[in-house]
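Visitor:
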Amino acid sequence: MLKALFAAGVRPGLVLGTSVGAINGAAVAADPSQDAVARLEELWTGLGRAGVFTGSLVGRVSTAVRTGTHLYADAPLRTLLGTHLPVARIEDLAVPFQCVAARIEDAAEHWFGGGPLVDAVVASCAVPGLLPPVRLGDAHFVDGGLVNSIPVGRAVALGAREIYVLQVGRVEHALAPPRLPWEVATVAFEIARRHRFARDMADLPPHVTVHVLPSASTREETGGTLRGLRHRAAFDQTAARIERAYAASARYLDGAMGEEGGAPNDGAPGDGASGAEGGAPDSEGGASGAEGGAPA
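If you count by the UniProt record's numbering, then the sequence shown holds residues 1 to 296, one letter each, in order.
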């Protein structure tokens with residue numbers, strides 16, 4: 001998706017990210033160009049070798065027993081981000097960037113618009129049960145997808161007039177009733193996140209245009225967060241998903257820009273992208289004026 005946006009001449013004026021999309025968004029905000037796409041492809045295709053979700057079953061069980069809250073430490077993810085993100089603070093990014101996390105103490109969404117970049121991104125992708133809550137000051141934060149997975153409303157509030165949503169494909173497929181016990185919570189979460197997205201879309205001001213880029217993902221591939229990416233097969237399929245999403249997004253943008261007279265977003269203030277949760281650059285991203293790591 002990112003590759004298609006840059007190829008079409010779309011540049012972000014603001015980037016928002018949620019969950020794994022915060023990783024994509026931070027990278028794009030640091031360098032809003034095709035170079036960022038190449039670095040992200042390298043990051044996601046190599047994530048399985050980075051030790052973020054490696055270790056034996058015994059080791060994971062041991063971590064869960066010792067901590068009582070999660071299967072993996074977040075140190076490998078922090079190391080990976082420190083290696084791939086070229087700046088230490090959000091304020092030093094080339095493009096304004098925000099990412100969201102859920103604050104446990106008051107069950108609120110918290111937007112990071114300044115401060116240490118790695119802390120903010122890890123907080124945004126701290127999937128409950130998988131990674132530990134991130135403590136910053138007196139507050140604890142977990143995955144931002146719990147409170148705002150596709151932050152179109154945030155983009156509008158920040159002044160975006162043209163928003164590009166980079167999401168993992170879940171909104172492209174209708175929900176089905178749960179058939180297994182562990183599907184109940186997943187379906188309930190999807191209902192909540194889709195309801196908020198639908199409400200934000202219904203409440204759009206007349207001067208705002210939202211583009212939801214197609215991911216070309218199958219129903220089986222739409223895990224959407226680090227929870228799904230922990231499986232080796234997800235990493236192995238990253239390159240193919242990136243190419244499918246690029247082709248689908250390029251076709252969409254060709255049509256959208258043809259209808260609008262071919263004038264691409266030049267990154268002017270108030271234009272940008274809205275992202276959602278996602279993994280590889282074929283998925284979600286951030287937002288300009290808007291869960292999740294994409295350009296506008």
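For glycine and all other residues, C-beta sits at the position ideal for the given N, C-alpha and C.
1) Who are the Cβ neighbours of residue 148 in its own chain at under 8 angstroms, not counting the five residues just before and after it?
2) So residue 103 packs on residue 141, CB below 8 angstroms; how close in whole Å?
3) Taking the alpha carbon of residue 98 as the reference point, which residue from 81, 83, 116, 82 has its own alpha carbon closest?
4) Between residue 27 and residue 85, which are expected to be in contact by the criterion C-beta below 8 angstroms, what is the C-beta distance as a whole number of angstroms?
5) Tell me the start and end of each unbroken beta strand (DSSP E) in the UniProt domain "PNPLA" (1–156) that is at least 3 residues and wholly inside, in chain order.
6) Which residues mark the beginning and the end of the alpha helix (DSSP H) in which residue 210 is found?
7) Please state if the CB of residue 72 and the CB of residue 130 are separated by a distance shorter than 8 angstroms.
8) Does the separation of the CB atoms of residue 96 and residue 5 fall below 8 angstroms?
9) Can you give me the start and stop residues for the alpha helix (DSSP H) that residue 190 sits inside?
10) Nearest to residue 199 by CA position, among 128, 74, 156, is which residue?
11) Could you tell me the distance, in whole angstroms, from the CA atom of residue 125 to the CA atom of residue 77?
12) Does the Cβ of residue 25 have 16 or more other Cβ atoms within 10 Å, making it buried, or fewer, making it exposed?
13) One question on the structure: do residue 1 and residue 160 come within less than 8 angstroms of each other, judged by their Cβ atoms?
14) Going by beta carbon distance, what residues of the same chain come within less than 6 angstroms of residue 178, once the five residues before and after it are set aside?
15) Using only the alpha-carbon positions, how far apart do residue 12 and residue 32 sit?
16) Please identify the residue among 211, 138, 111, 173 whose C-alpha is closest to the C-alpha of residue 190.
17) Helix, strand or coil for residue 166, going by three-state DSSP, please let me know.
Guide: Checking against the coordinates, here is how it stands:
1) 18, 100, 109, 154, 196, 291
2) 6 angstroms
3) 116
4) 7 angstroms
5) 15–18, 97–103, 108–112, 134–136, 139–143
6) Not the alpha helix (DSSP H): residue 210 falls in the beta strand (DSSP E), residues 209–212.
7) yes
8) no
9) 181–202
10) 156
11) 10 angstroms
12) buried
13) no
14) 184, 187
15) 7 angstroms
16) 173
17) strand
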